[in-house]
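Q: Going by my numbering, the first residue of the sequence shown is number 2, and it counts up by one from there. Can you read through this structure? Questions will come right after.
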Amino acid sequence: MKNVILTGDRPTGRLHVGHYVGSLKRRVELQNSGEFDDIYIMIADAQALTDNADNPEKIRQNIIEVALDYLSVGLDPEKTALFVQSQVTELCELSFYYMNLVTVSRLQRNPTVKAEIQMRDFQASIPVGFFTYPISQAADITAFKATAVPVGEDQLPMLEQTREIVRKFNDIYGETLIEPQVLLPGNQACLRLPGTDGKAKMSKSLGNCIYLADTEEEVQKKVMGMFTDPNHLRVEDPGKVEGNPVFTYLDAFCRDEQFAEFCPDYSCLAEMKEHYAKGGLGDVKVKKFLNNVLQSELAPIRGKRKQFEKDIPAVYDILKQGTKKAQETAAQTLHEVREAMKMNYFEDEALIQQHAKKYNNQ
Ligand code: TRP
Numbered sequence: 002m003k004n005v006i007l008t009g010d011r012p013t014g015r016l017h018v019g020h021y022v023g024s025l026k027r028r029v030e031l032q033n034s035g036e037f038d039d040i041y042i043m044i045a046d047a048q049a050l051t052d053n054a055d056n057p058e059k060i061r062q063n064i065i066e067v068a069l070d071y072l073s074v075g076l077d078p079e080k081t082a083l084f085v086q087s088q089v090t091e092l093c094e095l096s097f098y099y100m101n102l103v104t105v106s107r108l109q110r111n112p113t114v115k116a117e118i119q120m121r122d123f124q125a126s127i128p129v130g131f132f133t134y135p136i137s138q139a140a141d142i143t144a145f146k147a148t149a150v151p152v153g154e155d156q157l158p159m160l161e162q163t164r165e166i167v168r169k170f171n172d173i174y175g176e177t178l179i180e181p182q183v184l185l186p187g188n189q190a191c192l193r194l195p196g197t198d199g200k201a202k203m204s205k206s207l208g209n210c211i212y213l214a215d216t217e218e219e220v221q222k223k224v225m226g227m228f229t230d231p232n233h234l235r236v237e238d239p240g241k242v243e244g245n246p247v248f249t250y251l252d253a254f255c256r257d258e259q260f261a262e263f264c265p266d267y268s269c270l271a272e273m274k275e276h277y278a279k280g281g282l283g284d285v286k287v288k289k290f291l292n293n294v295l296q297s298e299l300a301p302i303r304g305k306r307k308q309f310e311k312d313i314p315a316v317y318d319i320l321k322q323g324t325k326k327a328q329e330t331a332a333q334t335l336h337e338v339r340e341a342m343k344m345n346y347f348e349d350e351a352l353i354q355q356h357a358k359k360y361n362n363q
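Next up, the structure:
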């Protein structure tokens, strides 16, 4: 069996450092590990429309932004098919068949969908397409026979739903689809990076994100303005490390070797945390260190983005080529699905003969 990765993002805005530590960095490592036969990364524009039906322009404008973010972090179109979901129409047909295998009450129990419904204040006006997006996500994953899906923890319910659909499909129609495994980020701090304001999640509408495409000055300004421990008023005061986003970001980004370069008073993060907790270490010093750490990670990404920005038609061409490859794979799976579901009427000579016999007593 092939080792195949499929994952993706909704193009509702530029990608931020939360996406980077939560998934993008890992994708690049997986891409370069040589352990995978095929890698597909999808810009999920059709899924983005499930709660942005009135604003297709937003989606249209952000496809290129996400593509540039992908390329700038090191996803390589030679190794990874970068594609646009809506252009692979086979995914819709798969979703349509999978809908028969999922109950309404099962969809209602999906904790991520529940949380999103609350967040968007949909209540009684939930679009059907939005409500059923876990099914379309199962189509995305199974169309490519993905064995591994690297995503953040908020996507766990989608993977569970996919696995249920695969088991049910194979059970009814015979072994056809592959059950995917989820690949969560290794570092605990990366499971969910908080916003710069200390809120649980980075979100564009809250204005608490550091974007991969931010300039050096923008990053510095955001880091120096970050929320910390509100009770840590004077340098001498003991400070809280737990739940302090500055330290969560350091957990996610810093390597102990970076202390020698940027903050030689400490040899490792544990030592810095200890001093902060005891009292005597000011927020500004910690933030300056975090800024240096972030800048060293983001500078090469920014540089690469600038290069790709110079030839936008070439980036569209990368998406077009990736989409072509994705479409061919999805068409193959769809063919197998129709066959398993006995919907290959015109190709099935035995069926035609059986009916001929039935009516002609031959
Ligand atoms: N739901 C994902 C997100 O919100 C995007 C997505 C769509 C996806 N289809 C997928 C992720 C399939 C992994 C696998 O970002």
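Note that beta-carbon positions come from the ideal geometry of N, C-alpha and C, so glycine has one too. Only a predicted model underlies this, so the values are computations on that prediction, with no experimental measurement involved.
Under 7 angstroms: does the beta carbon of Q156 sit that close to some heavy atom of the ligand TRP?
A: At least one heavy atom of the ligand TRP is nearer than 7 angstroms to the Cβ of Q156, so yes.
Q: Starting from the C-beta of V294, find all residues in its chain whose C-beta is less than 6 angstroms away, skip the five residues before and the five after it, and write them out in chain order.
A: If we look at V294 and ignore the five residues flanking it on each side, its Cβ neighbours are F254, C255 and Q259.
Q: Could you check whether the Cβ of Q355 sits closer than 7 angstroms to any heavy atom belonging to the ligand TRP?
A: No, the beta carbon of Q355 sits no closer than 7 angstroms to any heavy atom of the ligand TRP.
Q: Which class does H276 belong to by DSSP, given the choice of helix, strand or coil?
A: In this structure, H276 counts as helix in the three-state DSSP scheme.
Q: Assign P314 to buried or exposed, taking buried as 16 or more other Cβ atoms, counted over all protein chains shown, within 10 Å of its Cβ.
A: Exposed: under 16 other Cβ atoms inside 10 Å.
Q: On the DSSP letters alone, give me the boundaries of the alpha helix (DSSP H) that A49 sits inside.
A: Per DSSP, A49 belongs to the alpha helix (DSSP H) from D46 to L50.
Q: Using the C-alpha atoms, what's the distance from G281 back to L291?
A: So the alpha carbons of these two residues sit roughly 18 angstroms apart.
Q: I'd like to know whether the C-beta atoms of Q162 and A147 end up nearer to each other than 8 angstroms.
A: Going by C-beta atoms, Q162 is not nearer than 8 angstroms to A147.
Q: Flag T8 as yes when its Cβ comes closer than 7 angstroms to any non-hydrogen atom of the ligand SAH, and as no otherwise.
A: Inclusion of the ligand SAH in the displayed structure is not the case, the ligand content consisting of the ligand TRP alone.
Q: Got a sec: does the ligand TRP put a non-hydrogen atom nearer than 7 angstroms to the Cβ of V114?
A: V114: no, Cβ never under 7 angstroms from the ligand TRP.
Q: Per DSSP, what kind of secondary structure is M159 in: helix, strand or coil?
A: Here M159 sits in helix by DSSP.
Q: Measuring only from the beta carbon, is V74 closer than 7 angstroms to any heavy atom that is part of the ligand TRP?
A: Every heavy atom of the ligand TRP is 7 angstroms or more from the Cβ of V74, so no.
Q: Could you give the C-beta distance for R193 and K202, rounded to a whole number, given that I count them as a contact under 8 angstroms?
A: Confirmed, about 6 angstroms.
Q: Among T216, V316, V287 and P246, which has the Cα closest to the Cα of Q296?
A: The shortest C-alpha separation from Q296 is found at T216.
Q: Using 8 angstroms as the Cβ pair cut-off and three pairs as the minimum, do the stretch 67-79 and the stretch 7-26 touch?
A: Touching, yes, given that three or more Cβ pairs across the two stretches are closer than 8 angstroms.
Q: Using DSSP's beta-bridge definition, name the partner residues of Q182.
A: The partner list for Q182 (beta bridge, DSSP) reads A149.
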